[in-house]
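Read the structure below first, then the notes.
In this note's numbering, the protein residues as written are 282 to 716.
Below, the structure is given as structure tokens:
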């Protein structure tokens, strides 16, 4: 499982802008959660009064979030990669934000709204430096644009999309982000920590579910405490990161399935780097019995990358329609009458990817031929009459879908010419109708 590093910045006492009350406390709360609950490998805090920031290949750096200190940190600390594929880098900022000449800026403690280009830190610059870390998952959490006098022509930060990065913004660009006196925190950060902790036993381990929780929760908090509307939103690039699992130890089986399908789709679309990234995420959360299969997928993609003369060539002619079979490992469990596991065996089966119409991937597993007993014996009192007599049934080998059918797959099949019956392409809404 990969490493988790975090950087948090919280600024209250601005020198050239209005002061905030709880930005520093928000950053400290985020750091505490990362350290004590999630047990991150390293957490750096930039805030007035915080301990100096230390790292192995340089002298300690003052933690006061000035333009100079932050610029030095991003320039020197991220000159060379120090993380790897599969690692995560989280960045949290609580303070003022500015939009200036089409770019989004975070304002340091000595930043000036009259000299944003020189006295602000551009978010796209921060994103570029964070990508240099070597981590293939970079998550930004921006709780900025907090005060009425901090708006730049009515438009706040959030218009720019950062390539390869997941960004959670506290509010939409035309809104403000509010602090709540009764909570002693900003409403966005308060809800963010609720979601990451799993409020009311909820599971918000993926980008999609955490985004949905924030969109619902923050407006309710603001309404409850008499604040105007504030609508968080999430910027995701590429779109496949929507199903990214943020908290690996809270991943559910369906989360892993969605990652696998995203990985298969990325490979079909010839987005090989993205497919490799997704399979590496699957590796971190899949069952032990599936590791060989996942490593096979990563190896196959690496082979395809080495054979691709132009990695950017994603024309339809280059899309495979049917992959050769590979092996998938699974665990067979035997239980007793009480449902207790008494035996486990690892076995393998053939697996292949086929393409449905409109390039929709379907992963299949070969079910081998076999013979089994079916029906009931006469002495079984609870059996129905049509279950007699007990007899042997032989079934030839066949291919079966490895995962539950998605709406996209159903619609691809429903769009084919009718054979025996009509398939409703929108049965998830109207209920199944077979004619």
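Even glycine gets a Cβ: it sits at the ideal position worked out from N, Cα and C.
*asked:* As a quick exercise: from 535, 355, 408 and 296, pick the residue whose alpha carbon is nearest that of residue 685.
replied: 535
### Query
Can we say the region 477-492 touches the region 512-522, given the rule of at least three CB pairs closer than 8 Å?
yes
ask   = Where does residue 431 fall in DSSP's three states?
value = For residue 431, the predicted model reports a pLDDT of 47, less than 50, meaning its position is unreliable; a value from the coordinates is still stated below. Reduced to three states, the DSSP call for residue 431 is helix.
ask   = Taking residue 457 as the reference, which of 425, 484 and 627 has the closest Cα?
value = 425
Beta-carbon within less than 7 Å of residue 347's beta-carbon, same chain only, minus the 5 sequence neighbours each way: which residues are those? 389, 390 and 391
Measure how close the beta-carbons of residue 526 and residue 545 come, nearest whole angstrom, since I'm counting them as under 8 Å. About 17 Å; that fails the 8 Å criterion.
- Sort out for me which residues DSSP pairs residue 516 with in a bridge. 448
Exercise. Could you round the C-beta distance between residue 643 and residue 690 to whole angstroms and report it? I think they count as a contact, below 8 Å.
Key: 6 Å
- Query: Going along the chain, which unbroken runs of the alpha helix (DSSP H) with 4 or more residues stay wholly within the region 516-568?
  - Reply: 534-549 and 553-566
- residue 304 by DSSP, collapsed to three states: which one? helix
Counting Cβ pairs closer than 8 Å, one from the region 316-323 and one from the region 393-402, do we hit at least three? no
For residue 468, three-class secondary structure by DSSP
helix
Residue 341 in three-state terms, based on DSSP: strand
Mind checking whether residue 327 and residue 411 have CB atoms under 8 Å apart?
-> no
Between residue 597 and residue 470, what straight-line distance do the alpha-carbon atoms span, to the nearest angstrom?
With a pLDDT of only 40 at residue 597, under the threshold of 50, the placement of this residue in the model should not be trusted; the figure read from the coordinates follows. Their Cα atoms are separated by approximately 44 Å.
Beta-ladder partner(s) of residue 245, from DSSP | Residue 245 lies beyond the residue range present for the chain, which begins at 282 and ends at 716; the question has no answer from this structure.
(message) Within 8 Å, do at least three Cβ pairs link the region 333-341 to the region 364-373?
(response) no
Item to check | Exposure of residue 537, with buried meaning 16 or more beta-carbon neighbours within 10 Å | outcome: buried
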